[in-house]
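Numbering (the numbering used here), first residue to last: 3 to 143. For glycine and all other residues, C-beta sits at the position ideal for the given N, C-alpha and C. Everything below concerns the one structure shown next.
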Amino acid sequence: MIKIEINQKVGKKLNEKLVNKIINLTLEKVGVQEAEISVAFVGDAEMKKMNKQYRGKNKTTDVLSFVYETYDSRQKKPLQGEIIISYPQAARQARCGLGEEIKFLLIHGLLHLCGYDHEKSLKEAEQMEKQQNKIVTLLNG
Numbered sequence: 003m004i005k006i007e008i009n010q011k012v013g014k015k016l017n018e019k020l021v022n023k024i025i026n027l028t029l030e031k032v033g034v035q036e037a038e039i040s041v042a043f044v045g046d047a048e049m050k051k052m053n054k055q056y057r058g059k060n061k062t063t064d065v066l067s068f069v070y071e072t073y074d075s076r077q078k079k080p081l082q083g084e085i086i087i088s089y090p091q092a093a094r095q096a097r098c099g100l101g102e103e104i105k106f107l108l109i110h111g112l113l114h115l116c117g118y119d120h121e122k123s124l125k126e127a128e129q130m131e132k133q134q135n136k137i138v139t140l141l142n143g
């Protein structure tokens, strides 16, 4: 079972049904069957503060992911995590529309929760990008 909580503090009202679809499809494609995911859409000031606190970078960013529990199907432990998206930053960097950018950021954040890390190596970055593109294609199909 996938449990999803959406907390939108800023921006235009999002299509929660679509957000749920993106999360469910992404988790399905990486083999996660149980999860508790929280998604928050925040402003630049809050994102900058979190980015400084958790990554040591004194600037805003588009998405942050926090894993609280990794998925383990054998032990019946669901993936637990949180994705924070800066709505204003997403709007600024959206080249194909804000909806597409948020879709990409959700997928990106979820893949981080599932263990993908594009900052580790070029190989991991390529694997993550390939998985992101595959999921975007399925959603747009």
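Put simply, the segment 50-64 does not touch the segment 76-85. Fewer than three CB pairs are less than 8 Å apart.
Taking a contact to require three or more Cβ pairs closer than 8 Å, the segment 88-107 and the segment 115-129 do not qualify as touching. Between residue 38 and residue 80 the beta-carbon gap is near 5 Å, inside 8 Å, which marks them as a contact. C-alpha of residue 118 to C-alpha of residue 110: approximately 9 Å in a straight line.
The DSSP-derived three-state label of residue 132 is helix.
Cβ-Cβ distances below 8 Å link residue 134 to 106, 109, 110, 113 in the same chain, with the five nearest sequence neighbours on each side left out; the list follows chain order.
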